[in-house]
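Under numbering that gives the first Met the number 0, read the sequence shown as residues 0 to 270, first letter to last. Glycine included, every Cβ here is placed at the ideal spot set by N, Cα and C. Heads up, the thing below is written out as structure tokens.
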Amino acid sequence: MSQSTCSICQFWHSSIGKKIVVALTGAFLVLFLAGHLTGNLLIFQSSEAFNHYAHFLHTMLHGWGIWLFRILSLFALVLHVIATIQLTRANRAARSSRYQKDASMVASKSSRIMAYSGLTVLVFIVFHILHYTVRTDADLKLLADYNQNWAMTVAGFQNGYVVAFYVVSMALLCSHLSHGVASIFQTLGLRTKKTAGGIKRLSQSYSVVIFLGFVSIPIAVCFLGLGKEEMEDTRDAVEALKTKGYSKLPESLIGKDITNMDMDQLPQMSN
Numbered sequence: 000m001s002q003s004t005c006s007i008c009q010f011w012h013s014s015i016g017k018k019i020v021v022a023l024t025g026a027f028l029v030l031f032l033a034g035h036l037t038g039n040l041l042i043f044q045s046s047e048a049f050n051h052y053a054h055f056l057h058t059m060l061h062g063w064g065i066w067l068f069r070i071l072s073l074f075a076l077v078l079h080v081i082a083t084i085q086l087t088r089a090n091r092a093a094r095s096s097r098y099q100k101d102a103s104m105v106a107s108k109s110s111r112i113m114a115y116s117g118l119t120v121l122v123f124i125v126f127h128i129l130h131y132t133v134r135t136d137a138d139l140k141l142l143a144d145y146n147q148n149w150a151m152t153v154a155g156f157q158n159g160y161v162v163a164f165y166v167v168s169m170a171l172l173c174s175h176l177s178h179g180v181a182s183i184f185q186t187l188g189l190r191t192k193k194t195a196g197g198i199k200r201l202s203q204s205y206s207v208v209i210f211l212g213f214v215s216i217p218i219a220v221c222f223l224g225l226g227k228e229e230m231e232d233t234r235d236a237v238e239a240l241k242t243k244g245y246s247k248l249p250e251s252l253i254g255k256d257i258t259n260m261d262m263d264q265l266p267q268m269s270n
């Protein structure tokens, strides 16, 4: 084993090493959430803007860009979860006396909340991937296959139970964030007595913005009827394209509103 490999192993097996890994991967995931939310909020602008954004994500670097980013995000998430679990176990093992247990009561409660909310968020992420990335629902998959990501998103939030699960999961995620963002600053040595108050407010404000931003979409779709009629019209247009023999959306129509198009003007595709 090389010296550099040994150094990496020693860093990983040390408590401070794991804390730094949790902080850095956490910072990456925090920035990812901000970027993801910014793109998702385009759903309120128009279907064309949202579909253009989705098309850009899926075609950058000839389609490799989104997969590289997904792999990087998954790697960061796995490292974050593993390091957090190992730190939690190490902290429990270190509490061998009554004095230590009493002294760490508040920290222990906070750690348990972080652990439980983190596990729930992990379940949510798996569901979210199955829902909108793998697309186990045939209707959502059909819309996505024809580059109708706006309609796919709207269709996915028609179920009240799904929306309720999203809202609860986002509440737990943001509870996790309200502690986690402040912990990032502390671990990286950026938190002092002078800045502690500001960092705490920043952490709480960020988590509230993320929560309100993400839950506004399913609530607007499910309870305020955002895009329901246009989604149904898009579904009909996709079915018409499918009937004409198109297995995907023609390049000339990508990013355009296909609901008002005269499908009779499109040539019949040969089998």
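{"Item": "Endpoints, the alpha helix (DSSP H) within which Tyr131 is located", "Value": "Segment: none, Tyr131 is in no alpha helix (DSSP H) and carries neither H nor E."}
{"Item": "Contact with chain B by Asp232, beta-carbon distance below 8 Å", "Value": "Of the protein chains in the structure, only one exists, and it is not chain B."}
{"Item": "Enclosing alpha helix (DSSP H) for Glu228 [first to last residue]", "Value": "227 to 242"}
{"Item": "Backbone secondary structure at Gln157 - three-state DSSP", "Value": "coil"}
{"Item": "Top-ranked residue by Cα proximity to Ile253, from Gly188, Ser46, Ile65, Lys243", "Value": "Ser46"}
{"Item": "Per-residue burial, Ile216 [other beta carbons within 10 Å of its own, 16 or more giving buried]", "Value": "buried"}
{"Item": "Secondary structure, alpha helix (DSSP H): runs of 4+ residues fully inside the stretch 131 to 214", "Value": "137 to 144, 148 to 155, 159 to 186"}
{"Item": "Straight-line gap, Ala102 to Arg88 (C-alpha atoms, nearest Å)", "Value": "Summary for Ala102: the model assigns pLDDT 48, below 50, so the residue's position carries little reliability; its value from the coordinates is reported in the next sentence. Whole-angstrom Cα-Cα distance: 17 Å."}
{"Item": "Backbone CA spacing between Val125 and Gln264 [nearest angstrom]", "Value": "42 Å"}
{"Item": "Cβ neighbours of Ile183 in the same chain (closer than 6 Å, five flanking residues each side left out)", "Value": "Ala22, Gly25, Ala26"}
{"Item": "Environment of Cys5 [buried if 16+ CB atoms lie within 10 Å]", "Value": "exposed"}
{"Item": "Delimiting residues of the alpha helix (DSSP H) encompassing His61", "Value": "Where His61 is concerned, there is no enclosing alpha helix (DSSP H), given that its DSSP letter is neither H nor E."}
{"Item": "Burial state of Met169 (16 or more Cβ within 10 Å)", "Value": "buried"}
{"Item": "Contact check, Glu38 vs Tyr52, beta carbons under 8 Å", "Value": "This sequence places Gly at residue 38; Glu is not what is there. Their beta carbons are under 8 Å apart, which means Gly38 touches Tyr52 by this criterion."}
{"Item": "Closest residue to Ser279 among Leu187, Gln147, Ser202 (Cα-Cα distance)", "Value": "Here the chain comprises residues numbered 0 to 270, so residue 279 is not present and cannot be evaluated."}
{"Item": "Gly155 and Tyr131 closer than 8 Å at C-beta", "Value": "yes"}
{"Item": "6 Å Cβ shell around Gly212 - same chain, five flanking residues per side excluded", "Value": "Leu36"}
{"Item": "Distance between Arg200 and Ile42 (C-alpha atoms, nearest Å)", "Value": "29 Å"}
{"Item": "Exposure label - Leu139; buried when at least 16 CB within 10 Å", "Value": "buried"}
{"Item": "Ala36, enclosing alpha helix (DSSP H) - first and last residue", "Value": "Contrary to the premise, residue 36 reads as Leu rather than Ala in this sequence. That run of the alpha helix (DSSP H) goes 14 to 39."}
{"Item": "Spatially closest choice to Glu250 from Leu30, Tyr145, Leu171, by CA coordinates", "Value": "Tyr145"}
{"Item": "Which of helix, strand or coil DSSP assigns to Pro217", "Value": "helix"}
{"Item": "DSSP state of Ser116 mapped onto helix, strand, coil", "Value": "helix"}
{"Item": "Nonlocal neighbours in the same chain, by C-beta distance under 8 Å from Gln137, ignoring five residues either side", "Value": "Looking at the sequence provided, one finds Ala at residue 137 rather than Gln. For Ala137, where only same-chain residues beyond five positions count, there are no Cβ hits under 8 Å."}
{"Item": "Through-space distance from Val237 to Met262, alpha-carbon basis", "Value": "10 Å"}
{"Item": "Ala102 in three-state terms, based on DSSP", "Value": "Because Ala102 carries a pLDDT of 48, less than 50, the predicted location of this residue cannot be relied on, and the following value inherits that uncertainty. Ala102: helix per DSSP, three-state reduction."}
{"Item": "Local conformation of Asn90 per DSSP, three classes", "Value": "helix"}
{"Item": "Local conformation of Thr258 per DSSP, three classes", "Value": "coil"}
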